[in-house]
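In this note's numbering, the protein residues as written are -16 to 161. All C-beta atoms, glycine included, are put in the ideal place defined by N, C-alpha and C. Heads up, the thing below is written out as structure tokens.
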């Protein structure tokens, strides 16, 4: 799969380098960066609606931020810029392949980190659900204990009524006998 991704990119970069007549490394690096940015799947910007005649113009929405792979790619190019400047131009194909493989590995590392972050968020979500479930179980246990306490109180009241009834019967028997 990595070869399927790398080969078209390397072919395009190699064609760009072969067509490059200038010996300016910064210009070449910028063209490489633009080429790599074109290879990334970016969302198409939505067309702006036509302005409506309103008394107060609505503020334009902020442009969406750059996707994370683009930002990472820009950072990588800025970090590799001092390393690429002393190299002879155009870059040889093995060096270009190595550079592309390093960039893809860094992108893969970023994707793995994002995956780990996603797993961590899912784990936190699961823990929150478990805690809510435990809290619900504790509330149910508390309700059950309250119910048992009410039953116990009712039983005590019943015993008290029986005791009073027995006392009343004894009192009536005592009064009847005398």
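**Contacts around residue 25, its chain only, beta-carbon distance under 8 Å, and the 5 residues preceding and following it disregarded** = Confidence in residue 25 is poor, its pLDDT being 49 and thus under 50, which makes the residue's placement too unreliable to answer from.
**Message:** Given this structure, state the Cα-to-Cα distance separating residue 148 from residue 159, to the nearest angstrom.
**Reply:** Cα-Cα distance, rounded: 16 Å.
**Request:** Helix, strand or coil for residue 75, going by three-state DSSP, please let me know.
**Result:** In the three-state reduction of the DSSP assignment, residue 75 falls in the coil class, being assigned neither a helical nor a strand state.
**Prompt:** What's the gap between the Cα of residue 91 and the Cα of residue 83?
**Reply:** 12 Å
**Item:** Span separating the alpha-carbon of residue 75 from that of residue 93
**Value:** 27 Å
**Supposed contact pair residue 59 and residue 86 - C-beta distance, whole angstroms, cut 8 Å** = 6 Å
**Asked** In whole angstroms, what is the alpha-carbon distance linking residue 136 and residue 156?
**Response** Between residue 136 and residue 156, the C-alpha separation is close to 30 Å.
**Request:** Consult DSSP for residue 157 and reduce its assignment to one of helix, strand or coil.
**Result:** helix
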